[in-house]
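K.L.:
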Amino acid sequence: MKKYVMGIDFGSTTAKAVILDLDGNMVSWAVSHMGAVSDLAVKEAVAQVLDDAGLTQADMGRTVSTGYGRRMLDIADKNFTEITCHARGAVAMVPEARLVIDIGGQDSKTISVDSNGLVAQFAMNDRCAAGTGKFLEVLARAMEIELEEMGDVALGAVEELKISSMCATFAETEVIALRAEGHSKENVLGAVHQAIATRTLGLVNRVGKKGPVVMTGGVARNKAAVKYIQAALGMPLILPETPQIAGALGAALIGLDDYRAELAEKAEPIAEDDDVDAQMAFDKACVTGCKGDPVAAEASAPDVARKLRAMMSGVTKHF
1 MKKYVMGIDF GSTTAKAVIL DLDGNMVSWA VSHMGAVSDL AVKEAVAQVL
51 DDAGLTQADM GRTVSTGYGR RMLDIADKNF TEITCHARGA VAMVPEARLV
101 IDIGGQDSKT ISVDSNGLVA QFAMNDRCAA GTGKFLEVLA RAMEIELEEM
151 GDVALGAVEE LKISSMCATF AETEVIALRA EGHSKENVLG AVHQAIATRT
201 LGLVNRVGKK GPVVMTGGVA RNKAAVKYIQ AALGMPLILP ETPQIAGALG
251 AALIGLDDYR AELAEKAEPI AEDDDVDAQM AFDKACVTGC KGDPVAAEAS
301 APDVARKLRA MMSGVTKHF
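Written as structure tokens, this is what we have:
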């Protein structure tokens, strides 16, 4: 019997990996940043987490992947959406959490969860860089400041300015214009973080504001982002010690459930969350009680799957 499971979050800008033992204790974790959906990053994260644990891939009873590149991993036994995995991981970190705000490199999402870490509703934005880590990265470059310094500088803002566009390209133009008008870096960066908070509040309102609220993802390490989002919500944010690994932890926990079921010789292993995957592709949101089923059209998951197949069929015929 193998005694460990691994979860891998193959994200848009970073790769994260977590190893658990069969009691659910975290043995090791790793984060690697090497650019957009990088094979090198995920290989480095996996190598590091195995090395830190003194284990090999052969010691894993189950490996589950999530994130943008989740289907690209040959070592993964199963893959699940980041919605499912972030919800599970966030509640494992903060059991009392009922709302998860995750702001990553290329998308932002809000997830309403139950006490078991199961998804009740979700909303996400991945169609542009608005309100994401990439948004901050673009504006850091425009401000000629290191990304890691942005939050601390923004905390020094004393004047309220406004960034009217959430498009990273147009916002960059606004930031340059504000600086040309003589506004300080502190005040301009305060406006940048206020824009992110406003965007995040819009996503929260789509699933319903409730607490306690936990924030995960790399942007949770940005003190100004946390401050402005808390002010916009009118609620405190709970910050895990390692907010970036929530998705990988959730994947590992799902893998643990699946492997335990196999060891117990249960008839049905845990199925991948294809319904949530279809919903994410279709309209990026989910209504009350949908459990990953479709939203706006009040359709069932099979309806969404049929629509997606029809859309892809049309594309194929066109070419």
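Residue numbers (full-length UniProt numbering): 1 to 319. Yeah, the Cβ is synthetic: ideal placement off N, Cα and C, and Gly gets one too.
Could you please give me the residues that DSSP links to Ala30 through a beta bridge?
P.N.:
DSSP lists Ala17 as partners of Ala30.
K.L.:
Taking Lys223 as the reference, which of Tyr259, Leu147, Trp29 has the closest Cα?
P.N.:
Checked all of Tyr259, Leu147, Trp29; the closest Cα to Lys223 is Leu147.
K.L.:
Per DSSP, what are the beta-bridge partners of Asp102 in this structure?
P.N.:
Looking at the DSSP assignment, Asp102 forms a beta bridge with Lys109, Thr216.
K.L.:
Can you give me the start and stop residues for the beta strand (DSSP E) that Tyr4 sits inside?
P.N.:
4-10 is the span of the beta strand (DSSP E), which, as asked, contains Tyr4.
K.L.:
Would you give the residue range spanned by the beta strand (DSSP E) that Gly61 belongs to?
P.N.:
Where Gly61 is concerned, the enclosing beta strand (DSSP E) stretches over 60-66.
K.L.:
With three or more beta-carbon pairs closer than 8 Å as the criterion, would you say the segment 177-195 touches the segment 89-100?
P.N.:
In short, these stretches do not touch, since the Cβ pair count stays below three.
K.L.:
Could you tell me whether the Cβ atoms of Leu99 and Val226 are closer together than 9 Å?
P.N.:
Against a cut-off of 9 Å, the Cβ pair of Val226 and Leu99 comes out as no contact.
K.L.:
Cutting at 7 Å between CB atoms, please list the residues of its own chain near Asp273, excluding the five before and the five after it.
P.N.:
Closer than 7 Å at the Cβ level, and outside the excluded window around Asp273, lie Phe80, Thr81, Thr84, Gly292.
K.L.:
Cα separation between Gly133 and Ile196?
P.N.:
If you take the alpha carbons of Gly133 and Ile196, they lie about 10 Å apart.
K.L.:
For Val315, which residues from the same chain have a beta carbon less than 8 Å from its beta carbon, with the 5 sequence-adjacent residues on both sides left out?
P.N.:
Interpretation of Val315 is limited by its pLDDT of 37, a score under 50 that renders its predicted location unreliable; no figure is taken from the coordinates.
K.L.:
Whole angstroms is fine: what's the gap from Lys16's alpha carbon to Phe170's?
P.N.:
If you take the alpha carbons of Lys16 and Phe170, they lie about 31 Å apart.
K.L.:
For a quick check, are the C-beta atoms of Ile19 and Ala53 less than 9 Å apart?
P.N.:
Yes, these two residues count as a Cβ contact at 9 Å.
K.L.:
Looking only at its own chain, which residues have a Cβ that is under 7 Å from the Cβ of Met72, when we skip the five neighbours before and after it?
P.N.:
Phe10, listed in sequence order.
K.L.:
In chain order, what residues of the same chain lie with their CB nearer than 6 Å to the CB of Glu159, ignoring the 5 residues before and after it?
P.N.:
Cβ neighbours of Glu159 beyond the five flanking positions: Asn187.
K.L.:
Taking the DSSP output, what are the residues bridged to Leu237?
P.N.:
In the DSSP output, where bridge partners are listed per residue, Leu237 has Val213.
K.L.:
Taking the alpha carbon of Gly69 as the point to measure from, which residue in Gly247, Ala261, His183 has its own alpha carbon closest?
P.N.:
For Gly69, the nearest C-alpha among the options comes from Gly247.
K.L.:
Please classify Lys162: does DSSP put it in a helix, a strand, or coil?
P.N.:
In the structure shown, Lys162 sits in coil (DSSP, three-state: anything other than H, G, I, E or B).
K.L.:
Leaving out the 5 sequence neighbours to the left and right, which residues in its chain are closer than 6 Å to Ala154 when beta-carbon positions are compared?
P.N.:
Excluding sequence neighbours, Ala154 sits near Leu189, Gly190, His193, Ala224.
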